[in-house]
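Its first residue numbered 1, the sequence shown is counted upward by one per residue in this note's numbering.
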Amino acid sequence: MHCLLPSRLRRVRLWMAGGLLALGLLWGACRAAVAPRNAAVSPTSTPTGTMAVQLPAATQTPTLTITPTATPTHTATATPTASATCTTSPTATATATRLPAVIASYPIDGDRSVPPDAELVLVLERPIDPAQVTATFVLTPALSGEVSWPDPQRVCFAPTKMITDTVYTVYFALAARGDASQAQVSSKITFGVGNRGAPIPILMYHQIMELSPQAEQAIRDWVVPPAHLEEQLAYLVAHGFQNVNVDRMVAYLRDREPLPAQPVVISMDDGYRTVYTAARPLLQKYGFTASLFVQSGRAENSGFLSWEHMRTLCDEGFYLGSHSIDHPDLLAVEPAEVLRQVRASKAAIEANVGQPVTVFCYPLGKHNEALISLLQEEGYEAAVSLNPGYRQYRGVYGLFQLARIWVYYDMTLEQFAAKLPPH
Ligand SMILES: [Zn+2]
1 MHCLLPSRLR RVRLWMAGGL LALGLLWGAC RAAVAPRNAA VSPTSTPTGT
51 MAVQLPAATQ TPTLTITPTA TPTHTATATP TASATCTTSP TATATATRLP
101 AVIASYPIDG DRSVPPDAEL VLVLERPIDP AQVTATFVLT PALSGEVSWP
151 DPQRVCFAPT KMITDTVYTV YFALAARGDA SQAQVSSKIT FGVGNRGAPI
201 PILMYHQIME LSPQAEQAIR DWVVPPAHLE EQLAYLVAHG FQNVNVDRMV
251 AYLRDREPLP AQPVVISMDD GYRTVYTAAR PLLQKYGFTA SLFVQSGRAE
301 NSGFLSWEHM RTLCDEGFYL GSHSIDHPDL LAVEPAEVLR QVRASKAAIE
351 ANVGQPVTVF CYPLGKHNEA LISLLQEEGY EAAVSLNPGY RQYRGVYGLF
401 QLARIWVYYD MTLEQFAAKL PPH
């Protein structure tokens, strides 16, 4: 954990409770708490216990008081009567420049699967001298904890004890010390401790090309016209979604690495050449990359990506994962063949592209526990499935059954938007 590194600059005890209004800090970028809109089908192994999680009242007004000297006041109840203060330095020198914004966090807003021992981490867009600012966290329901700066671009809050099946709202504010008129940075994240998933949509594409109007449905399911892809990318950008690759999402779920707000993963299966010729220019136009799942045995075949294409795409920030050698149903072939498909495809991609391959994509979506175990033994860290939805789960069976949103030829933009987390 970054927050436990010995490079920690400063560590200050902090006591806090949610509630009250005092200095009237401007709370920017406050998004509504995320609640599932569509019926995401959970992986079969997802715990099914019911959880009566209630969001904080919508009318609540987030507030806090910052005082320059820390007089800790701890309250163990959630009554909104306490103020929370954290001063990171006794010196009071105002920064003259604009304070940096928060560009990534752990957890992200809407995550309902946060481990109870998690530390909250905020990544700033640029380093800042912690002595120049006051960083304040307020949690509702109230929690005590510690604020630390593991490096000048990260500020952490370690709550003493979060309670399972509870939804918390954390308000964060950064203010230049000694000058209340200075610009302030603030953000609000609502998250749940439990196991109801993190809202990280993985969009699933295959071929990107135009079809004739007479094309059969069996083909239309696997193709998206370039114009629709462009519309969808423009929509994602316009609505605040931020592109990440699947390996970064795995690092978030497994290693608690921060992610940007409203993350979205673009996945493209099978390694078709149209990824390079049709999708790549559009993705680049909107500042996106994609996570590609290729068949190692079809590289260089006509209609598929060449190794040279793949190297170029990796240099440009795309992620490459394995989709087996040549796409068999891995539940219907002999064990030795399953092993070959899993092992040799990884080795071939790594040898030809020079990047580690850690994420698998099940051909036809077919998988079982034995295959998941084999993937782990062979060095894979996660796998994408055909399970629908945008909620992702931690643990082996979550990471090896990442859900995806199937994008097809006749999908309207409204249908596309409705599959995404509320935004
Ligand atoms: Zn496929």
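Glycine included, every Cβ here is placed at the ideal spot set by N, Cα and C.
Residue i and residue j closer than 8 Å at C-beta
i: A383; j: L374; result: no
i: K419; j: E378; result: no
i: Q355; j: C314; result: yes
i: M162; j: W406; result: no
i: G321; j: F360; result: yes
i: Y168; j: F137; result: no
i: R273; j: F318; result: no
i: I325; j: S306; result: no
i: G198; j: Q392; result: In the sequence on display, residue 198 carries Ala and not Gly. Cβ atoms of A198 and Q392: closer than 8 Å.
i: H309; j: D269; result: no
i: R112; j: R248; result: no
i: G110; j: P421; result: yes
i: N387; j: L331; result: no
i: S267; j: I372; result: no
Exposed unless 16 or more other CB atoms sit within 10 angstroms - verdict on residue i
i: H239; result: exposed
i: I128; result: buried
i: Q415; result: exposed
i: I200; result: buried
i: A135; result: buried
i: G389; result: buried
i: S302; result: exposed
i: P130; result: buried
i: L364; result: exposed
i: P62; result: Caution is warranted here: a pLDDT of 34 is assigned to P62, below 50, making its placement in the model unreliable, and no coordinate value can be reported.
i: T160; result: exposed
i: L413; result: exposed
i: E381; result: buried
i: V333; result: exposed
i: A176; result: buried
i: A84; result: No answer about A84 holds up, because its pLDDT of 39 lies below 50 and its placement is not dependable.
i: Q284; result: exposed
i: F107; result: Before going further, note that residue 107 is Pro rather than Phe in the sequence given. Answer is buried; the Cβ neighbour count reaches 16.
i: A348; result: buried
i: D410; result: exposed
i: R13; result: Here R13 scores only 32 on pLDDT, less than 50, and its place in the model should not be relied on; the value that follows carries that caveat. Exposed is the call here.
Per DSSP, cross-strand counterpart(s) of residue i
i: Q415; result: DSSP output for Q415 lists no bridge partner at all.
i: Q401; result: Beta-bridge pairing links Q401 to no other residue.
i: V406; result: Residue identity differs from the one stated: residue 406 is Trp in this sequence, not Val. According to DSSP, W406 bridges with M204.
i: I266; result: L203
i: D109; result: None; D109 has no bridge partner.
i: Q242; result: P263
i: T190; result: T169
i: R256; result: Its beta-bridge partners do not exist; DSSP assigns none.
i: L292; result: M268 and L320
i: V138; result: Y171
i: V185; result: L174
i: L124; result: V102
At least 3 beta-carbon pairs within less than 8 Å: the stretch 234–251 vs the stretch 208–217: With a cut-off of 8 Å, the stretch 208–217 and the stretch 234–251 do not count as touching, because too few Cβ pairs lie within range.
Contact the stretch 119–127 vs the stretch 278–291: 3+ CB pairs below 8 Å: Because the criterion of three Cβ pairs below 8 Å is not met, the stretch 119–127 and the stretch 278–291 do not touch.
Shell residues, 6 Å Cβ cut-off relative to heavy atoms of ligand 2: In the structure shown, ligand 2 is absent; the only ligands present are ligand 1.
Sufficient close CB pairs (3 or more, under 8 Å) joining the stretch 259–268 to the stretch 210–221: Not touching, per the Cβ criterion.
Segment contact flag, the stretch 211–230 with the stretch 389–400, C-beta cutoff 8 Å, min 3 pairs: The stretch 211–230 vs the stretch 389–400: no contact.
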